[in-house]
Amino acid sequence: MPAALVNVPAKAKRGAIIEIKTLMSHVMEPGYRHTAAGDAIPRDIITSFTCRFNGAEIFRADLYPAIAANPFLSFFTTASESGRFEFEWIGDNGFVANASAVITVD
Amino acid sequence: MSSMFDPLHLSRRHLLQLAGTVAATSALPLVTVRPAQATPAMLASAIRNLVGEAHVQTGKVRLDIPPLVENGNTVPMTVSVDHPMTPDNFVKSIHVFNEKNPQPNVANFFLTPSAGRAQVTTRIRLADTQKVVAIAKLSDGSFWSATVDVIVTLAACTEEMP
Chain W
1 MPAALVNVPA KAKRGAIIEI KTLMSHVMEP GYRHTAAGDA IPRDIITSFT
51 CRFNGAEIFR ADLYPAIAAN PFLSFFTTAS ESGRFEFEWI GDNGFVANAS
101 AVITVD
Chain R
1 MSSMFDPLHL SRRHLLQLAG TVAATSALPL VTVRPAQATP AMLASAIRNL
51 VGEAHVQTGK VRLDIPPLVE NGNTVPMTVS VDHPMTPDNF VKSIHVFNEK
101 NPQPNVANFF LTPSAGRAQV TTRIRLADTQ KVVAIAKLSD GSFWSATVDV
151 IVTLAACTEE MP
């Protein structure tokens, strides 16, 4: 399983806007580079990231080769109720990785 | 005065004045088409694919990138939109484009009203000194944009691997 790092506050007040930070270890090989011998290095990137809260999609990103290696994404959401965030990264060559985090809202 | 624009007698001061004028005029429009750029047409067509015939207004969007980047392999970028996030009036998506990487697209972000704040941070690659354009699509169908010029000293993407 590739290493994912997810940062979600464990607790939040109802209605508060919270920041979610995610980091996924991945080379993000853009597909435009060559070896010293002149061979093209094939593309190998993460193409899609999705964040769901209690099953409903709250944030999605399409990624292109212009995203740096080990893609970092941070975004915001409103803490409405306690529940579980699920994160999914999908990429070339059948790459799939998942992570989750729980939040308590009071 | 008569020797001012004589190419044989152009002084350093005149060249600098000239360069300053060019930079000032080209910084004004949103997507300028300057002849020396590699793929401004690709950038324009990528934006056209997104917005169709709609008019893209300047404003609302804020694109934070360091103006001078030493390493184009990882450039921190924050894009935010100064707009409410309510169920009937919100930022639907934010799209980031560049001018001189091999591909004009950088990323698309799709938001929901529950985001509370339309702001996304990531790290991008820049293959050259170039413009980066962010376009926000609002729920009313309007498009807003911001453009930033970034100077890159070490380029990303196309270097050789040992």
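Sequence order for the protein chains is W and R. The C-terminal position of the first sequence is numbered 106 in this note's numbering, with every residue numbered one higher than the one before it. The C-terminal position of the second sequence is numbered 162 in this note's numbering, with every residue numbered one higher than the one before it. A virtual CB, placed ideally from N, CA and C, is assigned to each residue, including glycine.
Out of W/P30, W/S48, W/H26, point me to the one whose CA is closest to R/S156's CA.
Note that residue 156 of chain R is Ala in the sequence shown, not Ser. Checked all of W/P30, W/S48, W/H26; the closest Cα to R/A156 is W/P30.
Name the DSSP beta bridge partners of R/P76, please?
R/R123
Does the separation of the CB atoms of R/R125 and R/G72 fall below 8 Å?
yes
Distance cutoff 8 Å, beta carbons only. Does W/I90 sit that close to anything in chain R?
no
Take W/K11 as the anchor and find which of W/T78, W/A66, W/A37 has the nearest alpha-carbon.
W/T78
Buried/exposed call for R/A115, threshold 16 Cβ in 10 Å:
buried
CA-CA distance, W/A4 and W/L23?
6 Å
Let's test the definition: count the other Cβ atoms within 10 Å of the Cβ of R/N98 and tell me whether it reaches 16, buried, or not, exposed.
By the 10 Å Cβ count, R/N98 comes out buried.
Between W/L5 and chain R, is there a C-beta pair that is closer than 8 Å?
no
Which two residues bound the contiguous alpha helix (DSSP H) that contains W/R43?
Note, W/R43: premise wrong, no alpha helix (DSSP H); not H, not E.
Give the DSSP bridge partners of W/A12, in chain order.
W/V105
Environment of R/R117 [buried if 16+ CB atoms lie within 10 Å]:
That one is buried.
Check whether the Cβ atoms of W/P2 and W/S25 lie closer than 8 Å to each other.
yes
W/A184 at chain R interface by Cβ criterion, 8 Å
No answer is possible for residue 184 of chain W: it lies beyond the span of chain W, which begins at 1 and ends at 106.
Just to confirm, is the Cβ distance from R/S93 to R/N105 under 8 Å?
no
Under DSSP, the alpha helix (DSSP H) around R/A156 begins and ends at which residues?
Counting along the chain, R/A156 falls outside any alpha helix (DSSP H), and DSSP gives it neither H nor E.
Report the residues of the segment 106-120 of chain R with a CB closer than 7 Å to any CB of chain W, ordered along the chain.
V106, A107, N108, F109, F110, L111, T112, S114, A115, G116, R117, Q119, V120
CB-CB length for R/L50 against R/I151, believed under 8 Å
Their Cβ separation, rounded to whole angstroms, is 26 Å, which puts R/L50 and R/I151 out of contact at 8 Å.
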